[in-house]
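To keep things clear, I will list the structure first and then write my remarks on it.
In the working numbering, the protein residues as written are 1304 to 1357.
The structure is reproduced here in structure tokens:
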């Protein structure tokens, strides 16, 4: 049987509601920036993105 190393990332944004209330556009920009970084790492390591609540 072939084995593969697997990593699972589950992330939450602490204070999301407060951040959105304080600066919705800025929060979306920050989250998008972080998502681009994560997406590039997923691609670099031949991973796959499964789901997002946002």
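Note that beta-carbon positions come from the ideal geometry of N, C-alpha and C, so glycine has one too. In this text the structure is predicted, and so the values were computed from the model without any measurement.
Beta-carbon gap between residue i and residue j smaller than 8 Å
i: residue 1351; j: residue 1345; result: yes
Cβ shell of residue i (< 8 Å), same chain only, five flanking positions each side left out
i: residue 1327; result: none
i: residue 1323; result: 1330
Residue i - containing alpha helix (DSSP H), residue span
i: residue 1331; result: 1327 to 1347
Spatial neighbours of residue i in its chain, beta-carbon cut-off 6 Å, leaving aside the 5 residues before and after
i: residue 1332; result: none
i: residue 1308; result: none
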